[in-house]
Amino acid sequence: MKRRIVTILIILIGFLLQCTVFKTLSIGSISPNLMVIVTSSFGFMTGKKEGLWVGFFCGLLEDIFYGRLLGMHAVIYMYIGYANGYFNHIFYGEDIKLPIFLISASELAYGLGNYIIMFMMRSRFAFLYYLTRIILPELLYTIVVTLIFYRLIYGINRRLESQT
2 MKRRIVTILI
12 ILIGFLLQCT
22 VFKTLSIGSI
32 SPNLMVIVTS
42 SFGFMTGKKE
52 GLWVGFFCGL
62 LEDIFYGRLL
72 GMHAVIYMYI
82 GYANGYFNHI
92 FYGEDIKLPI
102 FLISASELAY
112 GLGNYIIMFM
122 MRSRFAFLYY
132 LTRIILPELL
142 YTIVVTLIFY
152 RLIYGINRRL
162 ESQT
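Taking our numbering as reference, the numbering of the sequence shown is continuous, increasing by one, and the terminal residue is 165.
This is the structure in structure tokens:
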């Protein structure tokens with residue numbers, strides 16, 4: 002029960018930080034995606050099932066507050082959390098290389114999924130523009146923030162695991 006409450010708090014704090022602090026720290030209207038960091042981290046730290054549920058709730062928050070299509074972000078984040086859960090058996094928390102790689106791949110998948118659903122389906126095919134102006138800058142910014150935010154999530158997860 003304690004793990005669920007802490008997970009919900011991490012999701013809410015990540016969402017609030019993304020919507021407030023990091024919106025004001027945006028560079029060229031690009032801000033890091035903390036929800037991808039939270040979803041990916043829980044996926045590879047705790048497994049497919051929890052990654053899926055964390056992704057669903059992260060995406061649902063974004064859909065409720067910012068989405069045009071209810072459920073679009075929830076589905077994208079669910080896939081991201083579930084896919085990261087496959088790496089749970091090779092996850093070693095002290096090594097930052099795997100988390101950075103997985104979060105980067107997840108951010109790229111999120112950007113591509115968002116492009117396909119929001120732009121390509123509306124016959125807007127400026128993929129190179131979207132890639133160079135939105136996907137890659139957001140990817141770089143998310144990687145930089147991952148170096149700090151991931152350590153916090155990992156520390157909380159390690160403390161929760163030691164208590165059970």
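Note that CB positions come from ideal geometry on N, CA and C, so glycine has one too.
So which of the options has the shortest CA-CA distance to residue i?
{"i": "residue 108", "options": "158, 100, 34", "result": "34"}
{"i": "residue 99", "options": "162, 23, 17, 151", "result": "151"}
{"i": "residue 28", "options": "135, 158, 164", "result": "135"}
{"i": "residue 52", "options": "83, 25, 67, 64", "result": "83"}
{"i": "residue 8", "options": "91, 54, 127", "result": "54"}
{"i": "residue 120", "options": "138, 158, 69", "result": "69"}
{"i": "residue 92", "options": "129, 44, 110", "result": "44"}
{"i": "residue 137", "options": "24, 112, 26", "result": "112"}
Mapping DSSP to helix, strand and coil, what is residue i?
{"i": "residue 97", "result": "coil"}
State the CB to CB distance for the pair residue i and residue j, rounded to an integer number of angstroms; the pair is presumed to be in contact (CB under 8 Å).
{"i": "residue 86", "j": "residue 114", "result": "With 8 Å as the limit, residue 86 and residue 114 do not qualify as a contact, their Cβ atoms being about 17 Å apart."}
{"i": "residue 101", "j": "residue 144", "result": "6 Å"}
{"i": "residue 32", "j": "residue 142", "result": "7 Å"}
{"i": "residue 140", "j": "residue 163", "result": "Wrong, their Cβ atoms sit about 33 Å apart, outside the cutoff."}
Counting pairs of Cβ atoms below 8 Å between the region 36 to 49 and the region 9 to 19, do you hit three or more? Counting C-beta pairs closer than 8 Å gives three or more between the region 36 to 49 and the region 9 to 19, which meets the contact rule.
Between the region 73 to 83 and the region 54 to 64, do three or more beta carbon pairs fall short of 8 Å? Yes, the region 73 to 83 touches the region 54 to 64.
Hey, which unbroken runs of the alpha helix (DSSP H) at 4 residues or more fall wholly within the region 61 to 133? Taken in chain order, the whole alpha helix (DSSP H) runs of length 4 or more contained in the region 61 to 133 are 73 to 86, 98 to 119, 128 to 131.
Only counting runs of 3 or more residues, tell me where the beta strand (DSSP E) segments fall wholly within the region 20 to 47, in order along the chain. The region 20 to 47 contains no whole beta strand (DSSP E) run of 3 or more residues.
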